[in-house]
Every structure is written in C-alpha cells, then in structure tokens.
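So the mapping is simple: the working numbering equals the position in the sequence shown, first residue as 1, plus 32.
All C-beta atoms, glycine included, are put in the ideal place defined by N, C-alpha and C.
Scroll down for the structure; my scribbles are underneath it.
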Amino acid sequence: MLEIFFWISGALVVYIYVGYPVLAWMLARLVGRPVRKAPILPRVTVLTAAHNEAEHVEATVRNKLAQDYPTELLDVIVISDGSTDATDEIVKGLGPRVSLIRQSPRAGKTAALNLATDQAKGEILVFSDANSIYSPDAIRRLVENFAESDVGYVTGKMVYVNEDGSLVGDGCSAYMKYENWLRAQETRFGSVIGVDGGIDAIRKSLFVKMRPDQLPDFVLPLSVAGEGKRVVYDARALLKEAALSRHDAEYRMRVRVGLRALWALSDMRELLNPFRRGLLAWQLVSHKLLRYLAFVPLLLLAGTSTVLIGSHAVYSTAAIGQLIFYGSAVFGWMTNNRSRSPAIGIPYYFLLLNVATAHAALSFLRRQRLAIWTPRTG
Numbered sequence: 033m034l035e036i037f038f039w040i041s042g043a044l045v046v047y048i049y050v051g052y053p054v055l056a057w058m059l060a061r062l063v064g065r066p067v068r069k070a071p072i073l074p075r076v077t078v079l080t081a082a083h084n085e086a087e088h089v090e091a092t093v094r095n096k097l098a099q100d101y102p103t104e105l106l107d108v109i110v111i112s113d114g115s116t117d118a119t120d121e122i123v124k125g126l127g128p129r130v131s132l133i134r135q136s137p138r139a140g141k142t143a144a145l146n147l148a149t150d151q152a153k154g155e156i157l158v159f160s161d162a163n164s165i166y167s168p169d170a171i172r173r174l175v176e177n178f179a180e181s182d183v184g185y186v187t188g189k190m191v192y193v194n195e196d197g198s199l200v201g202d203g204c205s206a207y208m209k210y211e212n213w214l215r216a217q218e219t220r221f222g223s224v225i226g227v228d229g230g231i232d233a234i235r236k237s238l239f240v241k242m243r244p245d246q247l248p249d250f251v252l253p254l255s256v257a258g259e260g261k262r263v264v265y266d267a268r269a270l271l272k273e274a275a276l277s278r279h280d281a282e283y284r285m286r287v288r289v290g291l292r293a294l295w296a297l298s299d300m301r302e303l304l305n306p307f308r309r310g311l312l313a314w315q316l317v318s319h320k321l322l323r324y325l326a327f328v329p330l331l332l333l334a335g336t337s338t339v340l341i342g343s344h345a346v347y348s349t350a351a352i353g354q355l356i357f358y359g360s361a362v363f364g365w366m367t368n369n370r371s372r373s374p375a376i377g378i379p380y381y382f383l384l385l386n387v388a389t390a391h392a393a394l395s396f397l398r399r400q401r402l403a404i405w406t407p408r409t410g
C-alpha cells in the first residue's frame, strides 16, 4: 500500500511542476493560435488602489502619465483606500488627467476597483499597483492585443528585481521566470490561467463587480475566459517590481493570495467541469487547483519514501534526494542566507510557497475570508 501512495504522489508532483508545462508546450506547437496585434488607440483609464502609499504613489502615477500613448486618450484614477498619510494630497497635485476617489472606511482593493469602474472613461481599463513602474511603451503594448476581437484580457510581464542577493528575491525571480514561460505557452493555444495584477488590462465591457473578499487578479481573467474570450500574455509589456528580501513578508503575501485564490476557485467551481469547459477546466485544475494543493502529494512522497528507505534503490534515492533538497531549503529559511546559489535559493522559495499554500488551505477549511491587508513591504 505504501508503494502505491509513493508512486501516485510522485506522479502528481511530477505532473504539477513538469508534466503540465510540457503538455502546454506541446499543445502550443500543435494548435498555434497567435494573437493578432495592431496599433489601435482606444481610450484607456489606469486604475490604482492605494492605502498609505505616499512613498510610491507619485512616481507610479507619473510613470503612467509619461507612457508612450496619446495624452488625450489616457487618464488615471487613484482610489485612496482609507489612507491616513499624505497619499490624497499628493494625488490631488498631479494634474487634470488624474482623479482621486476616496474610499472610506477602508474596504480593500477589490471594492476600490468596483467603485472606480463606474467613473472610468476608458474603453480599456488598466490595473496598476501603487508601486508598479512600467516600461515606457507598456500600455501601448497591452492595448495592441485588443485589436483581436476575441481577446478580453491582457497581462504583461512582471519581473522581480533583486539587488541585495536575498534568497526570497532570487527564488521569487526564478519562480516568475517559470510562470512567465508557462503563460507564454498557454497564450499560444488558448488563455492564460492566472495573472499578477500589477500590469493587466481588460475591456471595460467585460468588467464584473466582485465581492470585496474576491481576488481580482484571479476572478476577472477567469470570468473573461468563462465568457469565451481569451486571456493572453504579452512579454513586451514590462513591469519591474522590487522583490521582497524578508521571508516573513513574502510568506504573508503568499498566504493571502493562496487563500483568496482558493475562494475564487470555490466561487467559480463551474469552470472546473471538464464536460462543459473542456480545455479551460483542464488548465484550471492543472495550473491552479493542483498547484495550490501540491503540499499534499509532497508530504505523502516525503513520508512514504522515508518509511520505504532501504527496501529498494528507488525509494532510498528519492528519500535522500528530498533530504538534500529540503535540507537546503531549511538552511536558507533559518539563516535567510544572502547567497545567490540556486541550490539554496530555489529549494528555499519552493518550500516557502508550499508551506504558505498549506497555511492558506487550512484557513480556507476554517472558512476564513480576507478583503483588507497591509501592502507588502520588506
């Protein structure tokens, strides 16, 4: 019986992290649905929710105002979510193309986006975080994808910049490279499953109001895909964001995202039906549901291989390999070592992600919900 659990859990782990990406790569080459891009110029409104972002908000708004896009066709709305610092005063001084909406009492990013959408004049809505700095042509590149009528949502490329050599930053950067590659494959045969939220765009006509506890980066693209429109990734639209160097800050962020994503999967579980949703359901299960539950087969694999060690070379090799891998991760976790060695950074971040998703799953089972959080720092 233990041998069966070993092979099933091992197969699941391989499928989640290797098998699905390989199948996506193969499907991308077999199907091939390139996105037709054209230099269209619809009106664009950038929406940014901000809570006590006086340190960053001016730079990020000026970055959007300076985009390579006609000034008369681009405006910015900042939703101050119960800010108690100088955020409101700074935004008010940024000129006539910038509008301030005050959300009080504080209700979170999702409620802020719901509030601002009614006032947005743009045919295309762009979502930017309060610390998101775009490449000069990022908005133009996002918009070009909407020349194809069946494209409803576009996400750009987020790159985590890590200058201090911290393990969280290194591991996070490697993880984003993996995710960005996978999104490129998914775009080639259909729709991307999951986006980051810092550099995204949607047709205003497809925006749906959400509950305050729902995760817009997850719910909105899924709702677009559920309507039969494509969600695509464009690596030319570039966002650089500083990676966190403190594992506690990154851990809290990953727990929050995981919890809200699990609720989104629960709320939109109709999309998981393969008989009705076909390819989309397969992608959603493979890329998201199994990824968030990967800690289960990982624990089973570690436990069964440890018990079976010595009974066969396969089990012994698996046990020793996991011991080395997780030993490197724990060493990095305990020391927060600043070595740039991927032999420590990658296992470290892999462990952080999976412990965080296990924490999120436990919170989900306890029926906990989250609408408001402190912006990630550190």
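Exercise for the section: Please confirm if the stretch 219-227 is in contact with the stretch 309-322, defined as three or more CB-CB distances below 8 Å between the two stretches. Expected result: Taking 8 Å as the limit for Cβ pairs, the verdict is that the stretch 309-322 does touch the stretch 219-227.
Problem - Within-8 Å CB hit, Arg323 to chain D - result: Going by chain labels, chain D is absent from the structure shown, which holds only one protein chain.
Exercise for the section: Taking 8 Å as the cut-off, decide whether the C-beta atoms of His83 and Ser41 are in contact. Expected result: Start at 1 with the first residue of the sequence shown, and residue 83 comes out as number 51. Start at 1 with the first residue of the sequence shown, and residue 41 comes out as number 9. Cβ distance not < 8 Å, so His83 and Ser41 don't count as in contact.
Handout entry: Assigned exposure category for Met285 - 16 Cβ within 10 Å defines buried
Key = What you label residue 285 is simply residue 253 of the sequence shown in a count that begins at 1. With 16 or more Cβ atoms within 10 Å of its Cβ, Met285 is classed as buried.
Practice task
Taking Pro71 as the reference, give the member of Arg172, Ile109, Ile165 with the closest Cα.
Solution key: The residue you call residue 71 lines up with position 39 of the sequence shown. Comparing Cα positions, the closest option is Arg172.
Exercise for the section: Take the Cβ of Gln217 as the centre, count every other Cβ of all protein chains shown within 10 Å, and call the residue buried at 16 or more, exposed below. Expected result: Walking along the sequence shown from the start, residue 217 turns up at place 185. Its Cβ being crowded by 16 or more others within 10 Å, Gln217 is buried.
Handout entry: Terminal residues of the beta strand (DSSP E) in which Gln135 lies
Key = Taking the sequence shown and counting its residues from 1, the one referred to as residue 135 is at position 103. In the DSSP assignment, Gln135 falls within the unbroken beta strand (DSSP E) covering 130-135.
Handout entry: beta strand (DSSP E) segment containing Leu157, residue limits
Key = Working through the sequence shown from its first residue, we reach residue 157 at position 125. Under the DSSP assignment, Leu157 falls in the beta strand (DSSP E) whose first and last residues are 156-159.
Practice task
Could you tell me the distance, in whole angstroms, from the CA atom of Leu73 to the CA atom of Glu176?
Solution key: For the purposes of this step, residue 73 is identified with residue 41 of the sequence shown, where counting begins at 1. For the purposes of this step, residue 176 is identified with residue 144 of the sequence shown, where counting begins at 1. One Cα belongs to Leu73, the other to Glu176, and the distance between them is close to 8 Å.
Practice task
State buried or exposed for Ser255, treating a residue as buried only when at least 16 other CB atoms are found within 10 Å of its CB.
Solution key: Residue 255 sits at position 223 when you count from the first residue of the sequence shown. With 16 or more other Cβ atoms within 10 Å, it is buried.
Exercise for the section: May I ask you to report which of helix, strand or coil DSSP gives Leu126? Expected result: Here residue 126 refers to the residue found at position 94 when the sequence shown is read from its first residue. Reduced to three states, the DSSP call for Leu126 is coil.
Handout entry: Euclidean distance between Cα positions of Leu402 and Ile341
Key = Along the sequence shown, one-based indexing puts residue 402 at 370. Along the sequence shown, one-based indexing puts residue 341 at 309. Rounded to the nearest angstrom, the two C-alpha atoms are 42 Å apart.
Exercise for the section: Determine which residues share a DSSP beta bridge with Asp280 and list them. Expected result: Position 248 of the sequence shown, counting from 1, holds the residue named residue 280. According to DSSP, which records beta bridges pairwise, Asp280 is partnered with nothing at all.
Handout entry: Buried or exposed by the 16-neighbour rule on C-beta atoms within 10 Å, applied to Ile109
Key = Mapped onto the sequence shown, residue 109 falls at position 77. When all chains shown are included, Ile109 counts as buried.
Practice task
Determine the burial state of Trp39: buried for a count of at least 16 other Cβ atoms within 10 Å of its Cβ, exposed for fewer.
Solution key: Looking up residue 39 in the sequence shown gives position 7. By the 16-neighbour rule on beta-carbons within 10 angstroms, Trp39 is exposed.
Handout entry: Bounding residues of the alpha helix (DSSP H) (the contiguous stretch that carries Ser351)
Key = As a first step, residue 351 is located in the sequence shown; it is residue number 319 there, counting from the start. For clarity, residue 351 is Ala in the given sequence; the question names Ser instead. 345-367 is the extent of the alpha helix (DSSP H) around Ala351.
Practice task
Indicate the three-state DSSP secondary structure (helix, strand or coil) for Ala152 in the structure shown.
Solution key: As a position in the sequence shown, residue 152 is number 120, starting the count at 1. Here Ala152 sits in coil by DSSP.
Exercise for the section: Express the C-alpha separation of Asn146 and Asn305 in angstroms, rounding to a whole number. Expected result: In the sequence shown, counting from the first residue as 1, residue 305 sits at position 273. In the sequence shown, counting from the first residue as 1, residue 146 sits at position 114. Straight-line spacing of the CA atoms in Asn305 and Asn146 works out to 28 Å.
Practice task
My understanding is that Met242 touches Thr92, with C-beta atoms under 8 Å, so please give their C-beta distance in whole angstroms.
Solution key: As a first step, residue 242 is located in the sequence shown; it is residue number 210 there, counting from the start. As a first step, residue 92 is located in the sequence shown; it is residue number 60 there, counting from the start. The C-beta distance from Met242 to Thr92 rounds to 23 Å, too long to meet the 8 Å contact threshold.
Problem - Classification of Thr80 by the beta-carbon crowding that lies within 10 angstroms, buried from 16 upward - result: Within the sequence shown, numbered from 1, the residue matching residue 80 stands at position 48. That one is buried.
Exercise for the section: Using a threshold of 8 Å, state whether the C-beta atoms of Pro248 and Val263 are closer than that. Expected result: In the sequence shown, residue 248 corresponds to position 216, counting from 1. In the sequence shown, residue 263 corresponds to position 231, counting from 1. Going by C-beta atoms, Pro248 is not nearer than 8 Å to Val263.
Exercise for the section: State the Cα-Cα distance for the pair Ser28 and Lys189, rounded to the nearest angstrom. Expected result: It is not possible to answer for residue 28, since the shown part of the chain is limited to 33 through 410.
Exercise for the section: Specify the secondary structure class of Ser395 as computed by DSSP and reduced to three states. Expected result: Within the sequence shown, the letter at position 363 stands for residue 395. Reduced to three states, the DSSP call for Ser395 is helix.
Exercise for the section: Identify whether Tyr101 lies in helix, strand or coil by the three-state DSSP scheme. Expected result: In the sequence shown, the residue the question calls residue 101 occupies position 69. The answer is coil: DSSP assigns Tyr101 none of H, G, I, E or B.
Problem - Pro66, buried or exposed, once every other Cβ within 10 Å from all chains shown has been counted against 16 - result: Residue mapping note: residue 66 aligns to position 34 of the sequence shown, counting from 1. Note on Pro66: under 16 other CB atoms within 10 angstroms of its CB, so exposed under the neighbour-count rule.
Problem - Tyr347, buried or exposed, once every other Cβ within 10 Å from all chains shown has been counted against 16 - result: For the purposes of this step, residue 347 is identified with residue 315 of the sequence shown, where counting begins at 1. The residue is buried, with at least 16 neighbouring Cβ atoms inside 10 Å.
Handout entry: C-alpha distance - Pro137 paired with Ser131, whole-angstrom precision
Key = Here residue 137 refers to the residue found at position 105 of the sequence shown. Here residue 131 refers to the residue found at position 99 of the sequence shown. Their backbone Cα atoms lie some 19 Å apart in a straight line.
Problem - Inter-residue CB distance, Tyr265 and Thr338 (contact presumed, cutoff 8 Å) - result: Position 233 of the sequence shown, counting from 1, holds the residue named residue 265. Position 306 of the sequence shown, counting from 1, holds the residue named residue 338. Their Cβ separation, rounded to whole angstroms, is 39 Å, which puts Tyr265 and Thr338 out of contact at 8 Å.
Exercise for the section: State buried or exposed for Leu379, treating a residue as buried only when at least 16 other CB atoms are found within 10 Å of its CB. Expected result: For this step, residue 379 is matched to residue 347 along the sequence shown. First, the residue type needs correcting, since residue 379 is Pro and not Leu in the sequence shown. With 16 or more Cβ atoms within 10 Å of its Cβ, Pro379 is classed as buried.
Handout entry: Cutoff 6 Å; reference Arg268; Cβ partners in own chain excluding five residues on either side
Key = The sequence position of residue 268 within the sequence shown is 236, counting from 1. The beta carbon of Arg268 sits closer than 6 Å to those of Arg173, all from its chain and outside the five residues before and after it, given in chain order.
Handout entry: Rounded straight-line distance, which links the Cα of Ile156 to that of Pro53
Key = Residue 53 sits at position 21 when you count from the first residue of the sequence shown. Residue 156 sits at position 124 when you count from the first residue of the sequence shown. Distance between the alpha carbons of Pro53 and Ile156: 31 Å.
Exercise for the section: Name the one or two DSSP bridge partners that Arg220 has. Expected result: Walking along the sequence shown from the start, residue 220 turns up at place 188. Under DSSP, Arg220 forms no beta bridge with any residue.
Handout entry: Buried versus exposed call for Leu106 [16 or more other C-beta atoms within 10 Å across all chains shown]
Key = Reading the sequence shown from its first residue, position 74 is the one you call residue 106. Burial of Leu106 is indicated by the presence of at least 16 other C-beta atoms within 10 angstroms of its C-beta.
Exercise for the section: Out of Thr367, Leu332, Ala388, Ala375, point me to the one whose CA is closest to Met33's CA. Expected result: Numbered from 1 along the sequence shown, position 1 holds the residue referred to as residue 33. Ranking the options by Cα distance to Met33, first place goes to Leu332.
Exercise for the section: For Ser112, write down the residues that DSSP places opposite it in a beta bridge. Expected result: As a first step, residue 112 is located in the sequence shown; it is residue number 80 there, counting from the start. DSSP output for Ser112 lists Ala82, Arg134 as bridge partner(s).
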